[in-house]
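So the structure is just underneath, and the comments pick up after that.
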Amino acid sequence: MGILRWHQGDIAAAEALMSEAIELYRAFDYPGMVAVCIEVSGWCAAGTDPDRAATLLGSAQTVWHQHSHMTLAQAAINPVTTTVEEKLRAELGAEAFEKSYAMGRESTLEVAVQLVSGRTPATAGRSGSASLRASLTRRENEVATLVADGLTNKEIATKLTISPRTVDAHVDHILTKLGFRSRTQIARWVSADESR
Numbered sequence: 006m007g008i009l010r011w012h013q014g015d016i017a018a019a020e021a022l023m024s025e026a027i028e029l030y031r032a033f034d035y036p037g038m039v040a041v042c043i044e045v046s047g048w049c050a051a052g053t054d055p056d057r058a059a060t061l062l063g064s065a066q067t068v069w070h071q072h073s074h075m076t077l078a079q080a081a082i083n084p085v086t087t088t089v090e091e092k093l094r095a096e097l098g099a100e101a102f103e104k105s106y107a108m109g110r111e112s113t114l115e116v117a118v119q120l121v122s123g124r125t126p127a128t129a130g131r132s133g134s135a136s137l138r139a140s141l142t143r144r145e146n147e148v149a150t151l152v153a154d155g156l157t158n159k160e161i162a163t164k165l166t167i168s169p170r171t172v173d174a175h176v177d178h179i180l181t182k183l184g185f186r187s188r189t190q191i192a193r194w195v196s197a198d199e200s201r
């Protein structure tokens with residue numbers, strides 16, 4: 006129904022149906038269908054929030070690769086996704102599209118689902134990146150920057166005159182808040198944010 010509503014141009018109804026479908030598919034443990042819903046949500050966002058749309062499309066790819074083997078479903082919607090991606094590349098520019106898409110690829114399933122429902126800002130969007138920066142404390146932002154500079158937790162502790170255990174806690178909080186799994190993802194996010 007969500008795809009039909011999107012095709013008819015009723016984007017608000019399509020988005021609502023996709024959010025509802027995601028909750029149902031997650032309850033019954035159908036990650037492949039969750040991926041479909043995330044991808045279609047990317048189509049819906051393309052007209053009003055291209056950064057978020059690119060992030061959603063990247064997130065959908067991660068869900069496909071990590072949680073699903075539904076190659077037929079993916080193949081069925083791929084032609085539309087390809088068209089949407091081309092439009093987004095033209096609107097955002099290749100570099101901005103790739104940054105947003107890469108941020109989506111690095112997100113967890115939970116962050117992708119939250120992004121669809123609007124509970125989490127777009128991880129790569131121009132305003133979304135600022136919102137994510139604002140979600141971190143001043144100290145967490147400092148730690149994230151030093152992680153991006155390649156410092157170890159011990160080196161960060163020395164530089165900020167805090168204990169290594171405190172740095173460990175800050176890094177854990179950053180990973181949780183951003184929905185990341187590694188220091189490399191933090192470093193990429195900081196680099197992408199600073200290049201805006």
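In the numbering used here, the protein residues as written are 6 to 201.
Ideal placement from N, C-alpha and C gives every residue a C-beta, glycine not left out.
Every value quoted in this text rests on a predicted model; they were computed, and no experiment measured them.
Nearest neighbour of residue i, chosen from the options [CA to CA]
| i | options | result |
| --- | --- | --- |
| residue 156 | 176, 142 and 140 | 176 |
| residue 55 | 95, 150 and 118 | 95 |
| residue 63 | 37, 174 and 43 | 43 |
| residue 107 | 10, 193, 16 and 9 | 193 |
| residue 159 | 17, 172, 14 and 101 | 172 |
| residue 36 | 88, 48, 57 and 76 | 76 |
| residue 89 | 99, 180, 58 and 27 | 58 |
| residue 38 | 79, 87 and 102 | 79 |
| residue 84 | 101, 48 and 71 | 48 |
| residue 164 | 180, 174 and 147 | 147 |
Sequence-distant residues of its chain with Cβ nearer than 6 Å to residue i (five each side left out)
| i | result |
| --- | --- |
| residue 188 | 152 |
| residue 40 | 65, 68, 69 and 73 |
| residue 113 | 184 |
| residue 6 | 22 |
Cβ distance (whole Å) where residue i is taken to contact residue j below 8 Å
| i | j | result |
| --- | --- | --- |
| residue 46 | residue 61 | 5 Å |
| residue 51 | residue 92 | 6 Å |
| residue 121 | residue 24 | 6 Å |
| residue 11 | residue 19 | 4 Å |
| residue 100 | residue 190 | Actually they do not touch by this definition, with Cβ atoms about 19 Å apart. |
Neighbourhood of residue i by C-beta, 7 Å cutoff - its chain only, sequence neighbours within 5 removed
| i | result |
| --- | --- |
| residue 178 | 145 |
Along the chain, which unbroken stretches of the alpha helix (DSSP H) at least 4 residues long are found entirely within the region 63 to 118? 76 to 97 and 99 to 110
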